[in-house]
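Read the structure below first, then the notes.
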Amino acid sequence: MEFKLAKFEVKEILPSSTSGNDYIDWGLKAINVEEAWQKTKGKGVKVAILDTGVNVSHPDLAENIKEVADFTGSKSGAEDVQGHGSHCAGIVAGVENKLGIIGVAPQAELYCGKVLGDNGSGNYDSILKGIKWAMEKEVDIISMSLGSSSKPPEELHQLIRQAYDKNILIIAATGNENSAVCYPALYDEVVAVSAVDKSLQHASFSNHGMKNEITAPGVDIVSTYKNGGYARLSGTSMATPMVAGAAALVIARYRDLFNGASPKIRSAYEILDKMTTDLGEEGRDEWYGEGIINLAMLP
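At position 170 of the sequence shown the residue is numbered 170 (the UniProt record's numbering), and the sequence of numbers has no breaks.
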């Protein structure tokens, strides 16, 4: 079975930055990340990005990358020659260094597993190996901006249940076909993320359905890219790491308040659901789920 990147659009390739400030993307501002930073920046929270690898030496990523692994057999190893994985990693935890961009949780730790090849697709076994690796590394969060419209073999669901039972928060993209929520986002144990545009309207490409749990900015998002560069991309692929970064802030803040204890997995899900501003129809709906993540509500 083949898994693919949720289709995304490269809007603009941007040059490397030597400016003296961290660029805060509109998406981060829309979820009120600066208010949350007054309380925490996600220090010590481990986030696994299972994607196309990562630009290991990128100046806005290298400091926060703790481990990388390749499960595709690519000649480039875990290095990201596609760009997508690096973009997702920067949204989660772009380094605060007065250079380029900054991520939602700039002090979180990145574990980047390459489960999709250089063409953006990967097989079922690679996904399984990536999840098992993330579990072995005892990560707090797994972020997956990938999916399949076909129901995968039960082994994947069983493994996701095991990760859930190990208190790992799993976050995945709903998909970009303006259709039904794809797998693995469709599983009950996974937080399914849709995308909104700059007007906070449901992005035209974003998949939808009542399994859609939370929405986040996913249009024209600037983040890190391959070869030390930056790019402006659109997709639920961008909204998903936005929520993963927010979850890292939630976990770090919880540990601050409760003497280092992590929230139980169900509590983490409930905290995320409650830290939302309702959009669209009143209450949960198929377009926005519980609403857009709102970090101004971080305790």
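All C-beta atoms in this analysis are idealised placements derived from N, C-alpha and C, irrespective of residue type, glycine included.
Secondary structure of residue i, DSSP reduced to three states
{"i": "Asn178", "result": "coil"}
{"i": "His87", "result": "helix"}
{"i": "Gly228", "result": "helix"}
{"i": "Ser126", "result": "helix"}
{"i": "Ser194", "result": "strand"}
{"i": "Ser223", "result": "strand"}
Check whether residue i and residue j have beta carbons under 9 angstroms apart
{"i": "Asp60", "j": "Lys114", "result": "no"}
{"i": "Ile142", "j": "Val47", "result": "yes"}
{"i": "Val219", "j": "Leu279", "result": "no"}
{"i": "Pro184", "j": "Ile214", "result": "no"}
{"i": "Ala93", "j": "Ala108", "result": "yes"}
Bridge partners - residue i, DSSP secondary structure assignment
{"i": "Tyr187", "result": "In the DSSP output, where bridge partners are listed per residue, Tyr187 has none listed."}
{"i": "Leu116", "result": "DSSP output for Leu116 lists no bridge partner at all."}
{"i": "Met144", "result": "Ala172"}
{"i": "Leu50", "result": "Gly113"}
{"i": "Thr276", "result": "Ile293"}
{"i": "Thr236", "result": "Answer is none; Thr236 lacks a bridge partner."}
{"i": "Tyr23", "result": "Ile101"}
{"i": "His208", "result": "Ala180"}
{"i": "Glu67", "result": "Tyr111"}
Minimum Cβ-Cβ distance from residue i to chain B less than 9 angstroms
{"i": "Ile49", "result": "No chain B is present in this structure, which holds just one protein chain."}
Euclidean distance between Cα positions of residue i and residue j
{"i": "Met275", "j": "Ala268", "result": "11 angstroms"}
{"i": "Gly122", "j": "Thr72", "result": "7 angstroms"}
{"i": "Phe258", "j": "Lys39", "result": "14 angstroms"}
{"i": "Ser206", "j": "Asp70", "result": "29 angstroms"}
{"i": "Ser199", "j": "Ala261", "result": "38 angstroms"}
{"i": "Val191", "j": "Ile102", "result": "24 angstroms"}
{"i": "Asp273", "j": "Val95", "result": "27 angstroms"}
{"i": "Arg253", "j": "Gly147", "result": "30 angstroms"}
{"i": "Lys264", "j": "Glu177", "result": "33 angstroms"}
{"i": "Tyr23", "j": "Ala216", "result": "19 angstroms"}
{"i": "Asn167", "j": "Gly42", "result": "17 angstroms"}
Inter-residue CB distance, residue i and residue j (contact presumed, cutoff 8 angstroms)
{"i": "Ala134", "j": "Leu50", "result": "7 angstroms"}
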